[in-house]
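**Q** Pasting a structure below so you can have a look.
In my numbering, the protein residues as written are 286 to 378.
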C-alpha cells in the first residue's frame with residue numbers, strides 16, 4: 286500500500302509527470318523544514334513549484350482533509366494551490 290521514497294529530491298521527473306508540472310530544469314532544493322515535513326523547490330520549464338514532503342505520514346482521509354482546507358483558503362486568495370495526486374489524494378511518498 287505505501288511506497289518507499291528514500292530521498293524525495295531524487296525523483297523530480299516522477300513528480301513532474303504525476304502532476305503535469307512540465308520538465309525539471311535543475312536539481313530540487315530543500316528550502317524549509319518544519320514540524321510536519323520538508324518543503325522542496327522544484328524549478329520546471331512551466332514554473333516553480335513547492336513540493337511538500339510529509340515526515341509524519343497521513344492516512345488518505347487526513348490528506349484529503351488537508352488538501353480541502355488549503356483549497357478553501359486558496360478560494361479567498363490567501364495561499365498557493367494545493368494539488369491532488371493522480372490517485373485523487375496526496376501521495377504518501
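Beta carbons: idealized from backbone N, C-alpha and C, even for Gly.
1. What are the start and end residues of the alpha helix (DSSP H) that includes residue 300?
2. Whole angstroms is fine: what's the gap from residue 307's alpha carbon to residue 296's?
3. Threshold first: 3 residues or longer. Then list the beta strand (DSSP E) segments lying entirely within the stretch 311-348, N to C.
4. Give me, in chain order, the residues of the same chain whose beta-carbon lies closer than 8 Å to that of residue 301; leave out the 5 immediate sequence neighbours on both sides.
5. So residue 322 and residue 339 are in contact, right, with Cβ under 8 Å, and what is the actual spacing, rounded?
6. 9 Å is my cut-off, CB to CB: does residue 332 come that close to chain B?
7. Less than 7 Å between C-beta atoms, sequence neighbours within five positions excluded: which residues of the same chain meet that for residue 331?
**A** On the basis of the supplied data:
1. Mapped onto the chain shown, residue 300 falls at position 15. Note, residue 300: alpha helix (DSSP H), 297-304.
2. Taking the first residue of the chain shown as position 1, residue 307 is located at position 22. Taking the first residue of the chain shown as position 1, residue 296 is located at position 11. When rounded, the distance between both Cα atoms is 14 Å.
3. With a minimum length of 3 residues, the continuous beta strand (DSSP E) runs that stay inside the stretch 311-348 are 314-318, 322-329, 332-339.
4. Taking the chain shown and counting its residues from 1, the one referred to as residue 301 is at position 16. Cβ neighbours of residue 301 beyond the five flanking positions: 307, 308, 309, 327, 329.
5. Numbered from its first residue, the chain shown carries residue 322 at position 37. Numbered from its first residue, the chain shown carries residue 339 at position 54. About 4 Å separates the two Cβ atoms, so the contact holds.
6. No chain B appears in the structure shown, which is made up of a single protein chain.
7. Taking the chain shown and counting its residues from 1, one reaches residue 331 at position 46. Sequence-distant Cβ neighbours of residue 331 in its own chain, meaning closer than 7 Å and more than five residues away, are 306, 307.
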